[in-house]
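For what it's worth, the numbering used here labels the leading residue of the sequence shown as 283, then goes sequentially. Ideal Cβ placement from N, Cα and C applies to all residues, glycine included. Remember, it's a predicted structure, so these values are computed and weren't measured experimentally.
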Amino acid sequence: MFQYMNLIKVLFLGFCLTVVVSACRVSYSFTGGTLSEGVETFSVQYFPNRAPLVNPNLSDRFVEELKEKFRSQTSLNEVVDTEGHLNFDGEITGYRTQALDIKAGEIAATNRLTVTIKVRFTNEIESENDFDKSFSAFGDYDSAKQLTEVEDALLEDILEQIIDDIYNESVVNW
Numbered sequence: 283m284f285q286y287m288n289l290i291k292v293l294f295l296g297f298c299l300t301v302v303v304s305a306c307r308v309s310y311s312f313t314g315g316t317l318s319e320g321v322e323t324f325s326v327q328y329f330p331n332r333a334p335l336v337n338p339n340l341s342d343r344f345v346e347e348l349k350e351k352f353r354s355q356t357s358l359n360e361v362v363d364t365e366g367h368l369n370f371d372g373e374i375t376g377y378r379t380q381a382l383d384i385k386a387g388e389i390a391a392t393n394r395l396t397v398t399i400k401v402r403f404t405n406e407i408e409s410e411n412d413f414d415k416s417f418s419a420f421g422d423y424d425s426a427k428q429l430t431e432v433e434d435a436l437l438e439d440i441l442e443q444i445i446d447d448i449y450n451e452s453v454v455n456w
């Protein structure tokens, strides 16, 4: 009889444990993005280049890479002719190089390319998440090289950092 009671207790405990575990839900995301209920679309407007020094391809490249970030990291649908539930617009306000690490003879050992992009973000569902701010990132390169030699690689890293910052500010909300 004692063994029978122990068997019932073990089965009951197993059943309770199964119910508790199945009732718990673990949710995780590799991107950390959390979207408000009702957010289904996003749009990215053209970002004109208003920087004193202009890279003619930067606007198109930035807009396409920002769109790709939201296509690949969210389940949102992109809308083109109208504004989405999440809308991004703004302008490129800075694109500059500066010398760093001045050595003897006033020669720079390293140069820095800095890009600044002003973003106006509107969330049609939760307007308290709207923002209007500038995002900057930079990349350093050897002063023995011309900017044109390293520009594409630098821009890849710089735009990735800026776009990650914009994504985090707009949908991660940590």
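Item	Value
For GLN443, three-class secondary structure by DSSP	helix
Residues bridged to LYS385 [DSSP beta-bridge criterion]	ILE389
SER416 in three-state terms, based on DSSP	strand
Span separating the alpha-carbon of ASP446 from that of LYS349	12 Å
Min CB distance ARG378 to chain D below 8 Å	Within the model displayed, chain D is absent; a lone protein chain is all it includes.
Three-state secondary structure assigned by DSSP to ASN411	helix
Rounded separation between ASP434 and LEU317 - CA only	32 Å
Identity of the residues DSSP links to THR323 by a beta bridge	ASN359
As assigned by DSSP and simplified to three states, the class of VAL453	helix
Outcome for PHE370 when other beta-carbon atoms lying within 10 angstroms are tallied against a minimum of 16	buried
For PHE312, three-class secondary structure by DSSP	Note that PHE312 scores 40 on pLDDT, short of 50, meaning its location in the model is unreliable; the coordinates nonetheless yield the value given after this. Looking at PHE312 - three-state DSSP - the assignment turns out to be coil, as it is neither helix nor strand.
Under the three-state DSSP convention, the category LEU368 falls into	strand
DSSP bridge partner residues for GLU346 (one or two, in chain order)	Bridge partners of GLU346: none, in fact.
Backbone CA spacing between LYS400 and ILE374 [nearest angstrom]	6 Å
At least three beta-carbon pairs within less than 8 Å, the stretch 318-330 to the stretch 348-363	yes
Cβ-based burial, TYR328 [other Cβ within 10 Å; buried from 16]	exposed
Which residues DSSP lists as bridging PHE399, in chain order	Sequence check: residue 399 is Ile here, not Phe. Paired residue(s): ILE374 and PHE417.
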